[in-house]
Amino acid sequence: MNEIKPLDQVLSIEADAHNQITKVVNKFGSRGSILYRLKEFSSSIPDFRRSGKGNIRHRLDDIIMLIILGRASGCIGRAQIMEFGRYNLGKFRKMGMLRNGVPSEATLCRVDNGIDDLAMADRMQRFVEVFHGELLKNDCGKEIICVDGKAERGTVLDNGRSPDIVSAYSYNTGITLATEACSEKSNEIKAIPRLIDKINISGKIVTADAMSMQKNIIDRIRENGGDFLIELKANQPSLRYGVEDRIKECAPAYSYTEGPEFGHGRIETRTYRVFDGLDIIADKEKWGGNMTIIEYESETVRKKSGAHTSEKRLYVSSLPTSTPALGSLVRNHWSIESMHWALDFNLLQDRIKRKSPKAARNLDSIQRIVHSVFSIWKRLRKKRSDKKKGMAELMRYVSMSFTRLLRFLYQK
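Going letter by letter, the sequence shown gives residues 15 to 426 in my numbering.
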C-alpha cells in the first residue's frame with residue numbers, strides 16, 4: 015500500500031487548488047452544476063496559513079467542502095463533521111479530496127477562527143450571484159429584496175450582547191444575496207446602508223422592518239434606483255402618531271380583504287387599506303416627497319379555543335397607490351423570517367457555540383450557503399412536487415447516503 019504523502023508546499027495554495035479543480039473537474043459535474051460551483055467557492059477562499067514553510071497537511075478548500083457537505087447532510091458539531099468525513103473518506107479521495115485523511119477537531123477550530131470573515135462573506139455573495147440571474151429569468155414582475163437582522167445567539171460578546179448580521183434575502187429566488195455584520199458598538203441602522211450598496215436594487219422593491227425607517231436608509235434606496243416598503247412604528251413618533259391621527263379622517267384609495275385562510279391551527283382574515291400619503295404625512299420634505307400608506311389589519315381565530323385576536327400595522331412605501339397587490343408585499347417580507355427560522359430549526363445555528371465574532375460570521379456564511387443550495391435546487395427543478403419539498407425533507411434525503419448527496423448537487 016502506497017503511503018499518502020503530505021501536500022507539496024512549493025506551489026502556492028491558490029495555484030495548487032486551481033490545478034486540483036482542473037484534474038478532477040469530471041468528479042464535480044459540469045461547470046454549471048451546484049457541486050462544481052461549491053468547489054469554485056471553496057477554492058476562492060484566501061488561505062490564512064503560511065505557505066512558505068511548515069507542513070500544511072490539509073488543503074483549505076478540502077476542509078471547507080467537508081464542512082459544507084457535512085452540514086448539508088445534517089451534521090452540526092465538529093465531531094459529527096469529522097465522523098461524516100471518516101465514514102465517506104474513500105469517496106472523498108476518489109474526488110481528489112482529503113488525501114491525508116480527515117482534519118482533527120483542533121484544525122477545524124483553527125479554520126473557523128482563521129478564515130477572513132469579510133472574504134468569506136464576499137465569496138458567498140459571488141457564489142449566489144451565479145445562480146441569482148438564472149433563477150430570475152423564469153420569474154415575472156419586480157424582484158422583492160427583504161432586509162432584516164439576525165442575532166448569532168451561539169456567540170456572546172464581552173458586553174453580553176450577541177453579534178448581529180444583517181442580510182438581504184431575495185424573495186423571488188429564496189437565496190441570501192449578501193450579508194453585513196453590525197459593529198460591536200453599533201446596530202442595524204449603520205449596517206443596512208452598507209448592505210444596500212453591496213447589491214443591485216435598481217428597479218427592485220426593498221422591504222424592511224421598523225428599524226430601517228430612517229431618512230438616510232430611505233435616501234440610499236432611492237439613490238440606488240429602488241423602491242421600498244417599510245413598517246412604521248413608534249421609533250419615528252411624530253410620523254407614526256401623525257399618520258394614525260390623520261388616517262381616521264381619510265378614505266382609502268383602495269381596500270381589499272384576503273381570506274379567511276386556515277393554517278397553523280388558526281383562521282386568519284387580512285384586510286389591507288391603501289392611502290395616498292399626500293394629505294397624511296406632515297413632514298413631506300424630510301421624507302422626500304409623496305409616499306403611500308398601507309394599513310394592515312388581521313383578524314385571527316384559534317380553532318381549538320375559539321379565541322379572537324386582532325392586530326393593526328402601518329407601512330410606508332414609495333410605490334404608487336395603484337400598484338397591484340400592494341398589501342401582499344407585507345406578507346412577502348416575512349419570508350426572511352422563515353429563512354432565519356430554517357437556519358435555527360434545520361441547521362441549529364443558535365445552538366452552535368462560537369467564541370469569536372469572526373468564527374460566528376464564518377459559520378453564518380457557510381450555513382447561508384447550505385440554505386441557498388437547497389433553495390437553488392428546488393427552483394432549478396421542473397417537477398412541481400420537487401419544488402414543494404421543504405428543506406428538512408431534502409436534508410433527510412441527502413443524508414441517507416453520500417451518493418444521494420452528490421446526485422443532488424450535480425443539479426444544474
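Each residue gets a CB set at the ideal place from its N, CA and C atoms; glycine is no exception.
For the segment 239-250 and the segment 211-226, state whether three or more C-beta atom pairs, one from each stretch, are separated by less than 8 Å. yes
Option nearest Leu340 by Cα separation, candidates Thr314, Lys156 and Thr169: Lys156
Taking the DSSP output, what are the residues bridged to Phe276? Ile281
Does the distance from the CB of Ala86 to the CB of Val384 come in under 7 Å? yes
Closest to Phe456 by CA distance: which of Leu74, Val161 and Val344 is it? Only positions 15 to 426 of the chain appear in this structure, which leaves residue 456 out of reach.
Local Cβ density within 10 Å of Trp355, reported as buried at 16 or more and exposed below that: exposed
According to the Cβ coordinates, are Tyr310 and Val288 closer than 7 Å? no
Ignore the nearest five residues each way along the sequence and tell me which others in Ala165's own chain have a CB closer than 6 Å to its CB. Ser176 and Asp178
Limits of the unbroken alpha helix (DSSP H) element including Ala86: From DSSP, the alpha helix (DSSP H) with Ala86 extends over Leu74 to Ala86.
Could you check the C-alpha separation between Leu423 and Ser389 for me, to the nearest Å? In this structure, the alpha-carbon of Leu423 lies about 12 Å from that of Ser389.
Express the C-alpha separation of Lys229 and Glu407 in angstroms, rounding to a whole number. Looking at the two C-alpha atoms, the distance is approximately 42 Å.
Return the residue from the list Met111, Tyr183 and Met134 that minimises the CA-CA distance to Met434. An answer regarding residue 434 cannot be provided, because it is not within the stretch 15 to 426 covered by the chain.
Taking only the alpha-carbon atoms, compute the straight-line gap between Met414 and Phe98 and give it to the nearest angstrom. 12 Å
Grab the span of the alpha helix (DSSP H) containing Ala375 for me, first residue to last. The amino acid occupying residue 375 in the given sequence is Arg; Ala does not appear at that position. Run containing Arg375: Pro371 to Leu394, per the alpha helix (DSSP H) assignment.
Answer with buried or exposed for Thr187, where buried requires no fewer than 16 other C-beta atoms within 10 angstroms of its C-beta. Buried, by the Cβ-count rule.
Is the Cβ-Cβ distance between Lys372 and Asp131 less than 7 Å? yes
Just curious, the alpha helix (DSSP H) that Ile95 is in, first and last residue? Arg92 to Tyr101
Helix, strand or coil: which one does DSSP assign to Val116? Coil.
For Val39, three-class secondary structure by DSSP: Confidence is the limiting factor: at Val39 the pLDDT is only 44, short of 50, which leaves the residue's position unreliable and the question unanswerable from this model.
Measuring CA to CA, which of Lys401, Lys396, Asn346 and Gly256 is closest to Tyr185? It is Asn346.
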